[in-house]
Amino acid sequence: DAGVTQSPTHLIKTRGQHVTLRCSPISGHKSVSWYQQVLGQGPQFIFQYYEKEERGRGNFPDRFSARQFPNYSSELNVNALLLGDSALYLCASSGRALGGELFFGEGSRLTVL
Amino acid sequence: ELKVEQNPLFLSMQEGKNYTIYCNYSTTSDRLYWYRQDPGKSLESLFVLLSNGAVKQEGRLMASLDTKARLSTLHITAAVHDLSATYFCAVDDRDTGNQFYFGTGTSLTVIP
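Protein chains in written order, with this note's numbering: chain X, 1 to 113; chain L, 1001 to 1112.
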């Protein structure tokens, strides 16, 4: 079975641009979460969606937004990119809304110049 | 704010030696997770600990959880080079859904 898939794997943007990252969860999983991992740090929670509803939001500015589609795939959008947004963006899926193990995709590495 | 602290942050050890990584957390969560991350790669789930006193072992790694002390340990037995990676512990907070709080990570290097 396919695991969590993310696209693109790598991308380079310039300051002020917009980026869209995509994620497909493990088949049967209805929960998708997004994490940002800056080099040398642990992942930081951005959003969780379950059954297309936002269930949690981390301490990130409004430039970050996300949505979940009827097939449970998800998009993370970041507007007005800053140099500090350069990071590995990880998507994770879970079979449960609460207390479920997270399974991570390979991530999308974003570089902002 | 919920905090998760790991120590040591960096660990260099010789092959064949034993060592323990510690994970302290500030919430009353009784669910703790250990992940492994290789350079430039994603997170691989190692252990899920769901109750006080839980102990799980896989190969040369053994994880335990003491919810009263809010402490988890990851013990490495007779380290081998293939174990070189960064190890993260994480807890989830019942009050905030499935949000995971990750520790700072322990970068392990096993020297032949």
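Using N, Cα and C, we set each Cβ at its ideal position, and we do this for glycine too.
According to DSSP, which residues form a beta bridge with Asn77(X)?
Note: Asn77(X) sits in a beta bridge opposite Thr20(X), Ser65(X).
Looking at chain L, is there any beta carbon in it that lies within less than 7 Å of the beta carbon of Phe104(X)?
Closer than 7 Å to some Cβ of chain L, the Cβ of Phe104(X) qualifies, so yes.
For Phe1100(L), count the other beta carbons within 10 Å of its own beta carbon; 16 or more makes it buried, fewer makes it exposed. Which is it?
The residue is buried, with at least 16 neighbouring Cβ atoms inside 10 Å.
State the CB to CB distance for the pair Ser1029(L) and Val1110(L), rounded to an integer number of angstroms; the pair is presumed to be in contact (CB under 8 Å).
That belief does not hold up - the Cβ atoms of Ser1029(L) and Val1110(L) are roughly 30 Å apart, past 8 Å.
For Ser1084(L), which residues in the same chain have their Cβ closer than 8 Å to its Cβ, ignoring the five residues on either side in sequence?
The residues are Leu1108, Thr1109, Val1110.
Is the separation between the beta-carbon of Ser1042(L) and that of Gly100(X) shorter than 7 Å?
Cβ atoms of Ser1042(L) and Gly100(X): not closer than 7 Å.
Pull up the distance between the alpha-carbon of Tyr1035(L) and that of Pro43(X), whole angstroms please.
Their Cα atoms are separated by approximately 11 Å.
What are the residues of the region 1097-1109 of chain L that lie near chain X, defined by any Cβ-Cβ distance shorter than 7 Å?
Of all residues in the region 1097-1109 of chain L, Gly1097, Asn1098, Gln1099, Phe1100, Phe1102, Gly1103, Thr1104, Gly1105 have a Cβ within less than 7 Å of some Cβ in chain X.
For the region 1050-1063 of chain L, list every residue whose C-beta sits within 9 Å of some C-beta in chain X, in sequence order.
Cβ contacts with chain X come from Leu1050.
Short of 9 Å Cβ to Cβ, which residues in the region 20-33 of chain X face chain L?
Hits within the stretch, in order: Ser31, Ser33.
Given a cut-off of 7 Å on the beta-carbon distance, is the pair Gln1037(L) and Cys1023(L) in contact?
Going by C-beta atoms, Gln1037(L) is not nearer than 7 Å to Cys1023(L).
Between His18(X) and Asn77(X), which are expected to be in contact by the criterion C-beta below 8 Å, what is the C-beta distance as a whole number of angstroms?
Sure, about 7 Å apart at Cβ, within 8 Å.
Could you check if Asn1098(L) is buried or exposed, using at least 16 other CB atoms within 10 Å of its CB as the buried criterion?
Counting Cβ neighbours within 10 Å, Asn1098(L) comes out buried, since at least 16 surround it.
So, are the CB atoms of Asp1093(L) and Leu1002(L) less than 7 Å apart?
Cβ atoms of Asp1093(L) and Leu1002(L): closer than 7 Å.
Can you pull the chain X neighbours of Phe1088(L), defined as C-beta to C-beta under 7 Å?
Per Cβ cutoff of 7 Å: Gly42.
Consult DSSP for Gly56(X) and reduce its assignment to one of helix, strand or coil.
Strand.
Return the chain-ordered list of same chain residues with a C-beta closer than 6 Å to the C-beta of Gly56(X), the five sequence neighbours on each side being excluded.
Gln48, listed in sequence order.
Ordered along the chain, which non-local residues of its own chain (more than five positions away) have a Cβ less than 6 Å from that of Ala2(X)?
Same-chain partners within the cutoff: there are none.
With distances taken between CB atoms, is the gap from Phe1047(L) to Ala1069(L) smaller than 7 Å?
No. Outside cutoff.
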